[in-house]
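Protein chains in written order, with the working numbering: chain Y, 18 to 266; chain X, 2 to 279.
Virtual Cβ for every residue (Gly too), placed ideally from N, Cα, C.
Down below is the structure, laid out as structure tokens.
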Amino acid sequence: MPDLASFQSGFVDAMVDPAVTGALAAQPGFAVYRNTPLKAGVDALIANYPTIDTILGNEAFGAVGLIYARQFRPVSPILCDYGAGFADFLAASPLADDLPYLANVARIDRLWTEAFFAADAPALSPALDTELIASLADRIVLHPASRHLWLDTPAATIWLAHQQAPFKAIEPVWQGEGVHVTRPKGAVAVEMVSAADIVLLDALAGGATILAAAEVMLAAFTDADLAETFARLLHCSALMLSDASKEHQ
Amino acid sequence: MVPTVGIGFKPEHLEAALRSPADRLWLEVHPENYMVAGGPRAAVLSAISEARPISLHGVGLSLAGAADPDPSHLRRLRALVDRHAPFLVSEHLAWSRMGDTCFPDLLPFPRTTEALGRIADNIDQAQQALGRTILIENPSLYVAIDGHGWTETDFLAELVRRTGCGLLIDVNNVHVSANNLGYDPVDYLDALPREAIGEIHLAGHSHDPVHGASLLIDSHDASIAEPVWALYAHLIARTGPVPTLIERDDNIPAFAELMAERDRAASVLAATSEMVDA
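So, in structure tokens, the structure goes:
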């Protein structure tokens, strides 16, 4: 009898390759071991990319999900984090020819998941006095649940439209869009935002102070409305004080 | 605490599980679903663990593998144990990882003396990292493996002896494995070290779509089958009252339907308690 490590190695070879035969693979029950991990992977993808499931439908998602699940086995048993590379996979798949926005919609689903599971921390309240906030400016950072991305397709419009039931047909203008995902009051919120907002969020994420980030934004977009952007960031709980996480614990 | 019957917790049952007037209802979760930094999912576990006794039933430690349990996974599990103070923590006699690759399943192995030593060491590592003993669950089996040096019941008993762990006996797994591999489930139950059994699982199974009743699948997608209820009554008569869980992971019914199965298991437990008390 091989030792445990050798047995596992042979078992995995037979599990991942349907062409492998032998005493184990010849038994009808071995199909259960070939199928179950893949089904778990596909189920996790469906859970983590619900908008792609809505767009493709269960059958088509199952087919593309199975290809991904075979190619990219989980590296962790924490399956709510599975599928980080699914958007890149979709971008390189034949589906992208007919659905050029699909990968970017998947990126928004992924940001949603990241925001949903991100750490808790008290956000800066929009009710705070403006002068008080100004005095704290050097300590303002992005909340752990804030995620943003510039997409080169109208994927935010398409993503938002697919959250409505019944789905109403849309004719998006074919242009890039910014998306900002946050978690105000414990529920994930997805907003379409301007290129100027994305520049400011990029700067903040890169470690700039809020004032420096505002300067970067205004230099790039002279007509940007800083007051409106700042009010929006407070409203969606995107900001906090840099030491708030520690105070929270 | 007098053992009662719990149910596998599903997020869609949150309100019903918190509101239920059921006496000493407890809830079991897969810790892997709650190993997140924060947010609404983490808040759900806090809400149920504040309201009810909970049990953490792991699926990711791969204790029956040749490698050490992943230290980062053990740290995450320890954090949940410390935060939520579960009254039971359990894992499977199975493996699900090789190297950096995970196979989200509960995979079998040859029960050799070499494997026994390796798995006992893995259980030791887990129990030390968690600062407590855990229960080990018997698996559902689908293939015959050559080279077993131990029966499963002797193997489990020896793990108990070497590590001080307890056992979680899934009666549906006993039924499924006995059917698939052709042995007597009652003999199996009678060979278990009864004093080590700290929890019992009851679940539904299905027939393989191709091979039918000759290959039962531990699918957790149906109500508990009558032969499993009969095995449960047999086991409980031997062990006395043991905390029992109604497990359902797919085709999730209304909360009330799970609670009806809970009531049935509770009546089996109560009848046994009376026998023990008398």
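- In the structure shown, the three-state DSSP call for Val198 (chain Y) is strand.
- About 7 Å separates the beta carbons of Thr164 (chain X) and Gln128 (chain X), which is inside the 8 Å limit, making them a contact pair.
- Pro41 (chain X) belongs to the set of residues whose beta carbon lies under 8 Å from a beta carbon in chain Y.
- In the DSSP annotation of this structure, Leu64 (chain X) is not part of any alpha helix (DSSP H), being labelled neither H nor E.
- Comparing alpha carbon positions, the residue from X:Ala44, X:Gly61, X:Asp264 and X:Leu216 closest to Asp137 (chain Y) is X:Ala44.
- Residue pairing by DSSP puts His165 (chain Y) in a beta bridge opposite Y:His197.
- Rounded to whole angstroms, the separation of the alpha carbons of Ala261 (chain X) and Ala222 (chain Y) is 52 Å.
- Under the 8 Å criterion on CB atoms, Met32 (chain Y) is classed as interfacial with respect to chain X.
- If only uninterrupted alpha helix (DSSP H) runs of at least 4 residues are considered, those enclosed by the region 114–154 of chain X are 114–131.
- Per DSSP, Glu188 (chain Y) lies in no beta strand (DSSP E) segment and is marked neither H nor E.
- Listed in chain order, the alpha helix (DSSP H) elements of length 4 or more contained wholly in the region 157–225 of chain X are 172–182 and 186–192.
- Bridge partners of Glu248 (chain X) according to DSSP: X:Ala204.
- For a Cβ distance threshold of 7 Å, residue set Val49 of chain Y lies close to Ile218 (chain X), ordered along the chain.
- For Arg119 (chain X), at least one C-beta of chain Y is nearer than 8 Å to its own C-beta.
- For the region 150–180 of chain X, the set of positions with a beta-carbon nearer than 9 Å to some beta-carbon of chain Y reads Gly150 in chain order.
- Nearest CB-CB separation between Ala22 (chain Y) and chain X: below the 8 Å threshold.
- Relative to Phe156 (chain X), the option among X:Leu81, X:Gly118 and X:Ser141 whose CA is nearest is X:Gly118.
- Interface annotation for the region 80–111 of chain X against chain Y: Trp96, Ser97, Met99, Asp101, Thr102, Cys103, Phe104, Pro105, Asp106, Leu108, Phe110 and Pro111, criterion Cβ-Cβ distance under 7 Å.
- Glu115 (chain X) reaches chain Y at Asp20 and Leu21, counting residues in chain order whose Cβ is nearer than 7 Å.
- Shown here, Thr5 (chain X) sits in coil according to DSSP, grouped into three states, outside any helix or strand.
- Beyond the five residues adjoining it in sequence on each side, Ala17 (chain X) comes within less than 6 Å, by CB distance, of Phe256 in the same chain, given in chain order.
- If only complete runs of 3 or more residues are kept, the region 21–46 of chain X shows the beta strand (DSSP E) at 27–30, in order along the chain.
- Residues of the region 17–34 of chain X with a C-beta less than 7 Å from any C-beta of chain Y: Glu33 and Asn34, listed in chain order.
- Using a Cβ-Cβ cut-off of 8 Å, Asp147 (chain X) is close to Met18 and Ala40 of chain Y, given in chain order.
- Chain X has no Cβ within less than 8 Å of the Cβ of Arg156 (chain Y).
- Sixteen is the threshold: since fewer than 16 other Cβ atoms of the shown chains lie within 10 Å of the Cβ of His208 (chain X), the residue is exposed.
- Within the same chain, Cβ atoms closer than 6 Å to the Cβ of Gly59 (chain X) are found at Pro32 and Glu92, the five residues on either side in sequence being excluded.
- Here DSSP, grouped into helix, strand and coil, assigns Thr102 (chain X) to strand.
- Under the DSSP assignment, Leu256 (chain Y) falls in the beta strand (DSSP E) whose first and last residues are Leu256 to Leu258.
- Met260 (chain X) has a beta carbon lying at 8 Å or more from every beta carbon in chain Y.
- Nearest neighbour of Glu13 (chain X) by Cα position, chosen from X:Ala238, X:Pro254, X:Tyr143 and X:Leu270, turns out to be X:Pro254.
- Cβ contact annotation for Arg25 (chain X) (same chain, cutoff 7 Å, sequence separation greater than five): Thr5, in chain order.
- Using a CB distance cut-off of 8 Å, Gly61 (chain X) counts as an interface residue toward chain Y.
- The Cβ atoms of Gly40 (chain X) and Ala135 (chain Y) lie closer than 8 Å to each other.
- If you draw a 10 Å sphere on the C-beta of Thr170 (chain Y), you find 16 or more other C-beta atoms in it, and that means buried.
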